[in-house]
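Protein chains: 2
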Amino acid sequence: MQLTQALHKAVRECPNAIATIDGARRRNYRQLVDRVARLAAALRSLGLAPGARVGMLALNSDRYVEYLYGSLWAGGAVNPVNIRWSVPEIAYSLDDCDTRVLLVDDAFVSLLGPLRELSRSLTTVIYVGEGPLPADCLGYETLLAQVAPAADAQRQGSELAAVLYTGGTTGVPKGVMLSHDNLAINVLATIAAAPRAAQVPALHAAPLFHVGGIAYVFQLTTRMACQVIMPGFDPGLALDLIERERIVESFMVPTMIRRLLEQPGFAQRNLASLRTLLYGAAPIDSTLLHKALDALPNVEFVQAYGQTEVSPMVAVLPAAYHTLEGAAADKLGSAGLPVSTAELRIVDDGGVELAAGEVGEICVRGPTVMLGYWNKPEQTAAALRDGWLHSGDAGYLDADGFLFLVDRIKDMIISGGENVYSCEVENALLRHREVATCAVIGIPHERWGEAVHAIVVRQPDAHVGEAELLAHCKELIAGYKCPRSIEFRSELPLSAAGKLLKYVLREPFWKDRQRRIA
Amino acid sequence: MQLTQALHKAVRECPNAIATIDGARRRNYRQLVDRVARLAAALRSLGLAPGARVGMLALNSDRYVEYLYGSLWAGGAVNPVNIRWSVPEIAYSLDDCDTRVLLVDDAFVSLLGPLRELSRSLTTVIYVGEGPLPADCLGYETLLAQVAPAADAQRQGSELAAVLYTGGTTGVPKGVMLSHDNLAINVLATIAAAPRAAQVPALHAAPLFHVGGIAYVFQLTTRMACQVIMPGFDPGLALDLIERERIVESFMVPTMIRRLLEQPGFAQRNLASLRTLLYGAAPIDSTLLHKALDALPNVEFVQAYGQTEVSPMVAVLPAAYHTLEGAAADKLGSAGLPVSTAELRIVDDGGVELAAGEVGEICVRGPTVMLGYWNKPEQTAAALRDGWLHSGDAGYLDADGFLFLVDRIKDMIISGGENVYSCEVENALLRHREVATCAVIGIPHERWGEAVHAIVVRQPDAHVGEAELLAHCKELIAGYKCPRSIEFRSELPLSAAGKLLKYVLREPFWKDRQRRIA
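For the protein sequence lines, the chains are A and B, in the order given.
Sequential numbering from 1 applies to the first sequence in the working numbering.
Sequential numbering from 1 applies to the second sequence in the working numbering.
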């Protein structure tokens with residue numbers, strides 16, 4: 001399959017339908033395709049080789065859609081940058097897969113100086129902002145105006161389409177390589193699992209550098225929908241856009257749904273156009289669902305569970321199970337049923353398949369499973385065994401085949417929809433010379449779902465305090481990964497084999513609640 | 001993608017769900033997969049090489065499903081035999097792609113003698129009937145009992161999955177090569193275009209050697225449905241099965257729907273379970289639809305237009321357009337909107353793209369377009385140009401992007417420089433109440449190149465003559481489109497698929513001349 005086919009179809013079948021809305025800018029599919037083909041021409045004129053990566057460090061915008069498709073149309077692959085990363089993390093993700101061209105918007109132009117100093121691969125920066133052209137940058141609109149639209153390179157099938165960096169369970173970012181087939185088959189599987197009307201206005205709420213946002217762009221374009229985009233999630237703006245553009249569906253994380261409902265003046269809004277809220281990254285808790293069903297009685301809620309390595313859809317919990325009554329309510333805590341492209345099995349540490357109800361590692365096989373990790377043959381071999389992706393998620397299948405997530409194998413924390421890998425935070429803490437050992441866990445947080453909490457054992461005679469350790473962490477990792485709270489203890493609970501028992505640490509925080517991790 | 005993945009999923013997700021019902025035999029997915037894996041083992045023990053073809057010459061049965069999947073599981077490709085073909089035609093379709101193994105049931109066992117004499121490739125016959133084992137045959141059940149289930153060969157992607165012979169309407173059979181990707185992507189595109197519930201009982205009405213029937217097997221298995229099978233379409237038996245097995249959907253040709261409605265005792269049947277009737281091969285006429293909507297008010301009708309070369313789905317006319325009132329009624333004669341895997345364009349003789357409303361050849365591009373014709377590089381090159389399949393169908397797109405079929409290109413008549421679409425003339429003739437069926441062809445004409453000639457079958461006891469029919473036509477269509485001559489016959493030649501064989505009708509007129517081919 002070929003991801004750009006959706007554009008060829010749209011420009012043929014509905015050239016005048018609005019493709020993107022970003023603030024006052026509205027572009028139809030003919031204009032979108034023209035701009036995509038011009039960006040592709042510009043990228044080629046800059047020497048982009050087939051399969052070469054193109055990065056973007058920016059808030060959500062209509063240009064993000066143009067960037068995703070323009071890079072593919074040029075014959076390249078996208079390497080969208082996580083906007084919460086520190087400069088060293090960004091440089092790593094560019095250099096690791098040799099990304100030479102980067103698009104940057106106004107929000108991140110201040111990082112360019114240190115980024116150029118640190119990155120070995122970065123050679124060309126395209127400025128997609130609204131201000132005056134920064135030094136040593138090419139202007140996006142000027143580039144597009146200077147070239148004639150290029151013909152589509154028509155890369156397809158198993159050819160590389162994206163390198164998406166994930167924190168990984170080890171705390172070392174890994175570039176997940178996804179092909180045209182991976183991402184295009186995911187589109188069809190998602191539509192088949194959650195059928196919705198075509199050509200409707202839809203709101204992008206999730207960041208477009210995430211696999212969830214990227215996959216939603218591809219899906220909406222395939223459905224020839226109108227993609228309404230805001231720079232970042234803002235509940236007031238989201239409500240404005242739902243009213244003004246008569247938004248029919250959106251994809252959110254549960255925290256966003258919560259913030260939407262809690263927005264002052266929510267009850268006065270006219271949200272009658274809204275039909276479907278897909279949500280992912282975490283299951284919805286029953287209190288929030290109760291509120292949401294009450295507040296939006298005509299909206300269908302659909303949970304999507306996936307991960308970057310599966311392009312990303314693994315399972316879907318259909319609208320019918322979003323109820324608090326009857327037999328279906330038992331499935332509300334579930335991640336749903338496998339989509340038609342995903343075979344699932346649960347295995348123990350030795351790779352032996354487990355029976356229904358038994359907790360083990362979730363493994364996935366199918367045509368949307370990644371090509372591998374960029375330049376990481378060992379991690380690839382560890383993740384892909386006999387054709388099965390070992391997801392790193394612990395869970396079980398119930399007797400009806402519904403998937404339940406129990407824990408991240410390596411104790412991932414989900415805070416405000418962002419994945420925080422505890423190892424990475426622990427590694428940062430451990431680099432402080434007065435830290436002997438530590439454990440980072442997720443504890444309940446009203447707004448973010450979980451907050452990052454650290455338990456630290458100091459070196460003998462050391463006296464480092466919370467503030468100093470926090471400042472230390474902020475130098476090394478993104479703000480959202482830093483602990484929100486730190487406590488000090490004299491020892492950590494260990495198993496007989498000497499392994500840290502995080503569930504023992506988590507227990508007192510979670511005793512009254514069910515902790516669920518996607 | 002890998003067509004057998006559907007079986008791996010089904011045996012994992014719903015092993016005890018009924019997979020096939022054929023008369024008194026009911027098999028669940030665990031049993032189906034066991035039998036598929038055993039058939040694969042048997043085929044391999046017979047020396048089947050990777051990608052080698054396996055034929056089946058049989059009426060519809062549960063074993064047909066086992067054959068389709070068993071051949072793929074073994075690593076082979078299917079070459080299902082058209083059951084209406086003569087022995088020389090069958091031998092041609094086996095020899096052309098070197099099919100050595102053939103499964104044969106009781107209905108066709110009498111053809112084995114002459115077939116073995118004629119065919120050069122056929123070496124092994126597996127008897128899938130209920131009677132005593134014929135000479136020089138292997139018994140299907142004995143073979144399955146003798147072996148242990150084989151591991152799935154897991155062929156996939158662009159590897160060959162099927163060679164399907166078409167060409168009935170031109171008289172030159174061609175083996176359409178379809179890959180795992182072609183057929184598996186078609187499944188997802190079909191489900192996305194016409195979403196229906198999973199795991200429901202569905203009735204196979206179309207022959208399983210046809211691309212329509214084969215694609216429906218793959219689609220139903222992916223949806224983990226229960227496939228209810230009858231040997232051939234019988235309206236009384238179909239009604240029995242709908243009642244007894246509480247059938248929820250079926251795929252039929254319009255003639256089958258007509259026969260269902262005309263079956264004595266139809267009104268007394270309890271068909272409340274039926275939700276969807278997909279139909280293909282021909283648009284439904286308004287008289288039939290009126291009857292059908294009246295008789296089955298709770299059934300959604302969905303038209304599927306495709307051809308073997310596109311695996312087969314090209315366009316779908318959704319249920320909403322199956323109405324006789326309002327704006328949507330204008331689309332009833334349409335083949336619908338392109339599915340999400342199909343780009344469509346209409347071109348003239350010179351390959352120039354035409355505007356909306358202009359009639360030309362329908363061309364299709366996308367991931368379900370065939371690999372090519374077996375061992376026919378010239379015909380393949382003629383059909384696949386710059387990635388576009390030239391379908392041989394004439395049609396146009398209306399202003400809303402709905403596809404309307406006009407004729408087969410080869411059936412178009414060029415008379416005095418004017419294009420005459422035989423369908424249009426036939427539709428005019430059919431509106432005379434004494435015409436039962438008819439065919440309009442071009443015959444040689446000294447001055448105009450071709451002249452419009454009609455062959456008409458009258459209704460029983462009707463006596464309408466040439467003059468009256470000509471006068472009737474002149475009231476409905478332009479003079480140059482009206483037949484120059486009309487002859488009356490008692491029947492018309494039909495293909496195995498029930499399609500009119502115009503080349504047979506044309507042959508006596510053109511035997512000494514070369515007819516230009518569009």
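Every residue gets a Cβ at the ideal spot worked out from N, C-alpha and C, and that includes glycine.
Since we're looking at a predicted model, the values are computed, not measured.
Confirm, please, whether the CB-CB distance from A:GLY75 to A:ALA153 is below 7 Å. Yes, these two residues count as a Cβ contact at 7 Å.
Three Cβ pairs or more, each shorter than 8 Å: is that satisfied between the segment 341-353 of chain A and the segment 305-317 of chain A? Using a C-beta cut-off of 8 Å, the segment 341-353 of chain A makes contact with the segment 305-317 of chain A, since at least three inter-stretch Cβ pairs fall below that distance.
With a cut-off of 7 Å, does the C-beta of B:SER340 fall near any C-beta of chain A? B:SER340 counts as touching chain A.
Rounded to whole angstroms, what's the CA-CA distance from A:GLY70 to A:LEU39? Just pull it up for me. The alpha-carbon atoms of A:GLY70 and A:LEU39 are separated by roughly 5 Å.
Where DSSP assigns a beta bridge to A:SER250, which residues make up the other side? Answer by DSSP bridge pairing, in chain order: A:LEU203, A:LEU277.
Complete runs of the alpha helix (DSSP H) confined to the segment 113-163 of chain A [at least 4 residues]: Correct list: 140-146.
Could you check the C-alpha separation between B:ARG52 and B:LEU112 for me, to the nearest Å? Inspection of the sequence shows that residue 52 of chain B is occupied by Ala rather than by Arg. Going from the Cα of B:ALA52 to the Cα of B:LEU112 covers about 21 Å.
Okay, do the segment 43-58 of chain B and the segment 97-106 of chain B touch, 3+ Cβ pairs below 8 Å being the bar? The segment 43-58 of chain B vs the segment 97-106 of chain B: in contact.
The segment 16-31 of chain B touching the segment 475-486 of chain A, judged by at least three CB pairs closer than 8 Å: Taking 8 Å as the limit for Cβ pairs, the verdict is that the segment 475-486 of chain A does not touch the segment 16-31 of chain B.
Runs of beta strand (DSSP E) wholly within the segment 4-89 of chain A (minimum 3 residues, chain order): Listed in chain order, the beta strand (DSSP E) runs fully inside the segment 4-89 of chain A are 18-22, 25-28, 53-57, 77-80, counting runs of at least 3 residues.
Does the Cβ-Cβ distance between B:ILE394 and B:ILE414 come in under 7 Å? For the sequence presented, residue 394 of chain B should be read as Ala rather than Ile. B:ILE414 is positioned such that its CB atom lies no closer than 7 Å to that of B:ALA394.
Answer yes or no: does any C-beta atom of chain B fall closer than 7 Å to that of A:MET56? No, A:MET56 lies away from the interface with chain B (no Cβ there is under 7 Å from its Cβ).
Can you name the residues that DSSP bridges to A:GLY442? Under DSSP, the beta-bridge partners assigned to A:GLY442 are A:VAL452.
From this set, B:ALA206, B:GLN303, B:LEU469, B:GLY366, which residue's C-alpha is nearest B:ALA194's C-alpha? Minimum Cα distance to B:ALA194 is reached at B:GLN303.
What are the boundary residues of the beta strand (DSSP E) that A:ARG519 is part of? The question about residue 519 of chain A has no answer, for chain A in this structure spans 1 to 518.
What is the C-beta distance between B:ILE18 and B:LEU57, in whole angstroms, given that I count them as a contact (C-beta under 8 Å)? Actually they are not in contact, since the Cβ atoms of B:ILE18 and B:LEU57 sit about 27 Å apart, beyond 8 Å.
Opening and closing residue of the alpha helix (DSSP H) in which A:ALA189 lies: From DSSP, the alpha helix (DSSP H) with A:ALA189 extends over 180-193.
Please go through the same chain and pick out, in chain order, the residues whose beta-carbon is closer than 6 Å to the beta-carbon of B:LEU143, but skip the five residues on each side of it. Excluding its 5 nearest sequence neighbours in each direction, B:LEU143 has C-beta neighbours in its own chain below 6 Å: ALA42, listed in chain order.
At 9 Å on the CB atoms, spell out the chain B contacts of A:GLY336, in chain order. Chain B residues near A:GLY336: none, gap ~12 Å exceeds 9 Å.
When you compare only the Cα positions, how much space is there between B:SER61 and B:GLU141? Their backbone Cα atoms lie some 14 Å apart in a straight line.
What separation, rounded to the nearest whole angstrom, lies between the Cα atoms of B:TYR165 and B:LEU46? Going by the C-alpha atoms only, they are around 24 Å apart.
List the residues of chain A that B:ALA189 touches, going by C-beta distances under 8 Å, in chain order. In chain order: LEU188.
Contact set between A:LEU75 and chain B, taken where Cβ atoms lie within less than 9 Å: According to the sequence displayed, residue 75 of chain A carries Gly and not Leu. Those within 9 Å of A:GLY75 in chain B number zero; the least Cβ separation is about 16 Å.
Quickly, what does DSSP pair A:MET412 with across the bridge? List them, please. According to DSSP, which records beta bridges pairwise, A:MET412 is partnered with A:TYR421.
For A:ILE441 versus A:ARG506, is the C-beta spacing smaller than 7 Å? A contact, by the Cβ cut-off of 7 Å.
At which residue ranges does the segment 325-396 of chain A contain complete alpha helix (DSSP H) runs of 4 or more residues, listed in the order of the chain? Segments of the alpha helix (DSSP H) lying fully in the segment 325-396 of chain A: 377-383.
Exposed or buried, what is B:VAL352 when buried is set at 16 or more other beta-carbons lying within 10 Å of its beta-carbon? Exposed: under 16 other Cβ atoms inside 10 Å.
Put A:CYS226 into one of helix, strand or coil per three-state DSSP. Here A:CYS226 sits in strand by DSSP.
Quick one: measure Cβ to Cβ for B:ASP348 and B:GLY360, integer angstroms, because I've assumed they're closer than 8 Å. Going by Cβ atoms, the distance from B:ASP348 to B:GLY360 rounds to 5 Å, so yes, they are a contact pair.
Please classify A:ALA91: does DSSP put it in a helix, a strand, or coil? A:ALA91 falls in the helix class under three-state DSSP.
So, does the segment 371-384 of chain A touch the segment 198-206 of chain A, judging by three or more C-beta pairs under 8 Å? Touching, no.
Is it true that the segment 316-334 of chain A meets the segment 228-235 of chain A, where meeting means three or more beta-carbon pairs spaced less than 8 Å apart? No contact exists between the segment 316-334 of chain A and the segment 228-235 of chain A.
Could you tell me how far apart the beta carbons of B:GLY280 and B:VAL253 are, in whole angstroms, since I believe they sit closer than 8 Å? Contact flag correct, Cβ pair sits at about 7 Å.
Residues near A:VAL520 by beta carbon distance below 6 Å, same chain, minus five either side: Given a span of 1 to 518 for chain A in the structure shown, any question on residue 520 of chain A remains unanswerable.
Where does B:ASP407 fall in DSSP's three states? B:ASP407 falls in the strand class under three-state DSSP.
Excluding the five sequence neighbours on either side, which residues of its own chain have a C-beta within less than 7 Å of the C-beta of A:ASN270, listed in chain order? Non-local C-beta neighbours of A:ASN270 in its own chain, meaning closer than 7 Å and more than five positions away in sequence, comprise GLU243, ordered along the chain.
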